[in-house]
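Colleague: For the sequence shown, position 209 (counting from the first letter as 1) is numbered 208 according to numbering that gives the first Met the number 0, and the numbering increases by one without interruption.
Just so you know, even glycine gets a beta-carbon here, dropped at the ideal spot from N, CA and C.
The structure is given below, and queries will be raised subsequently.
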Amino acid sequence: MSDNYNHLGLNKKDIELLSQYNLTYMLDKIKNQQEVYELQAMRLESALKRMEKNLLAAREAQMNLLPAEIRGVPELKFSARFVPSQYVSGDIYNIFRLDENNVGLYHIDIAGHGVAAALFSISLSHLLTTEASKRSLIKVHTDTPPYYKIVEPKEVITALDEDHYYEQFGIYFTMVYMIINIRKRLVKFCRAGHNPPIVIRRNGDIDVFTEGSFPIGWGFSRSDMTIKFKYEPGDILFLHSDGISDAENKAGKPFTKKRLYRHLGVNHKKPVNENLDLLFEKLKTFCGRDSYEDDLSIIGLEFLK
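See below:
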């Protein structure tokens, strides 16, 4: 009989003592219950594996939405780094051609992270499509040539805020939306609570554009403005989520924007991809780890011509 109960962690003496008092029925009950628990554990493990597989698929799908470059625009060189805090992220960005003279660029950081933020970010990307239509917020169809209108940055921000996302979903987000005119070397943008755009000039000077308003979804009346700046070949634009500057080390001290700006400036003569790689190496060293509490993303855009 003892062989039947060995897996319960009982020795021979324990079993003999229970038998002496006719309590072996308790062993059978415990054994049956343990078998139930083991079966439930197997089912739970199987469900967790399926969930992990689905999350990995969702992560791959989200990664496929993020651009690695911008093709057919020799005037610009695009680079980015993206590290989600979980399988999927609330950070999203895109760069796209609006027409022969204009390129659009946005960077969004949704409050929170994980599956809910990721699904919301994907739904936003569908609204920010370059196909001229009534549904698109950035390029709308018109009945007269050229049969489309490129929507101004502040109008895009206003239109997004009119959907009352916080009231519907309890979600708000920060955003920068830019239109880059590659013929005039002119950038127009609107900033809604997002980290300020950073422009490192070819001589190493750093411009930080702090003008802007509050996040989208707070429910306040907006009075956004469109900010403009000129660029020259060799200048570099950076946009980042606050996951980078807010990342903390073991002592609870943040990486800070000041440290970020200094790193980008000191390394501005290096290729942008190398600069970003060095940044994440520095962040890993500073924090003592390569996983973070918040999503991390940064865009680097070099103006070549």
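Might you give, ordered along the chain, the residues of its own chain that have their beta carbon closer than 8 angstroms to the beta carbon of residue 293, omitting 5 neighbours on each side?
Modeller: Locating residue 293 in the sequence shown gives position 294, counting from the first residue. Same-chain partners within the cutoff: 84, 112, 240, 241, 242, 245 and 246.
Colleague: Alpha carbon to alpha carbon, what distance is there between residue 149 and residue 307?
Modeller: A question about residue 307 goes unanswered here, because the residues of the chain that appear run from 0 up to 304.
Colleague: How would you label residue 104, buried or exposed, when you count the other beta carbons within 10 angstroms and need 16 or more for buried?
Modeller: By 1-based counting over the sequence shown, the position of residue 104 is 105. That one is buried.
Colleague: Buried or exposed for residue 177, please, with buried defined as at least 16 other CB atoms from any protein chain shown within 10 angstroms of its CB.
Modeller: Residue mapping note: residue 177 aligns to position 178 of the sequence shown, counting from 1. Residue 177 should be labelled buried.
Colleague: Pick out whichever of 296, 157, 235 and 194 has its Cα sitting closest to the Cα of residue 200.
Modeller: Indexing the sequence shown from 1 puts residue 200 at position 201. That would be 235, whose Cα lies nearest to the Cα of residue 200.
Colleague: What does a CB cutoff of less than 8 angstroms around residue 255 pick up in its chain, not counting 5 residues either side in sequence?
Modeller: Here residue 255 refers to the residue found at position 256 when the sequence shown is read from its first residue. So the qualifying residues of the chain are 244.
Colleague: Taking the runs of the beta strand (DSSP E) that are 3 residues or longer, which of them lie wholly in the segment 61-104?
Modeller: The segment 61-104 contains these whole beta strand (DSSP E) runs: 75-82 and 90-96.
Colleague: Give the straight-line distance between the Cα atoms of residue 136 and residue 101, rounded to the nearest whole angstrom.
Modeller: Counting from one through the sequence shown, the residue named residue 136 turns up at place 137. Counting from one through the sequence shown, the residue named residue 101 turns up at place 102. Cα to Cα, residue 136 sits roughly 16 angstroms from residue 101.
Colleague: Measuring straight from C-alpha to C-alpha, what distance separates residue 272 and residue 302?
Modeller: For the purposes of this step, residue 272 is identified with residue 273 of the sequence shown, where counting begins at 1. For the purposes of this step, residue 302 is identified with residue 303 of the sequence shown, where counting begins at 1. Whole-angstrom Cα-Cα distance: 14 angstroms.
Colleague: Answer yes or no: do residue 190 and residue 211 have a C-beta to C-beta separation smaller than 9 angstroms?
Modeller: Taking the first residue of the sequence shown as position 1, residue 190 is located at position 191. Taking the first residue of the sequence shown as position 1, residue 211 is located at position 212. Yes, the Cβ-Cβ distance between residue 190 and residue 211 is below 9 angstroms.
Colleague: Classify residue 0 as helix, strand or coil using the three-state DSSP reduction.
Modeller: Reading the sequence shown from its first residue, position 1 is the one you call residue 0. A caution first: residue 0 carries a pLDDT of 48, below 50, which makes its placement in the model unreliable, though a value can still be read off. DSSP places residue 0 in coil when its eight states are reduced to three.
Colleague: From this set, 174, 97, 127 and 171, which residue's C-alpha is nearest residue 146's C-alpha?
Modeller: Taking the sequence shown and counting its residues from 1, the one referred to as residue 146 is at position 147. Residue 146 has its Cα closest to that of 97, out of 174, 97, 127 and 171.
Colleague: Cutting at 6 angstroms between CB atoms, please list the residues of its own chain near residue 197, excluding the five before and the five after it.
Modeller: Here residue 197 corresponds to residue number 198 of the sequence shown, with the count starting at 1. Here the set comprises 207 and 237.
Colleague: Below 6 angstroms CB to CB, which residues in the same chain sit around residue 286 once its five sequence neighbours on both sides are set aside?
Modeller: Taking the sequence shown and counting its residues from 1, the one referred to as residue 286 is at position 287. Result list for residue 286: 246 and 248, in chain order.
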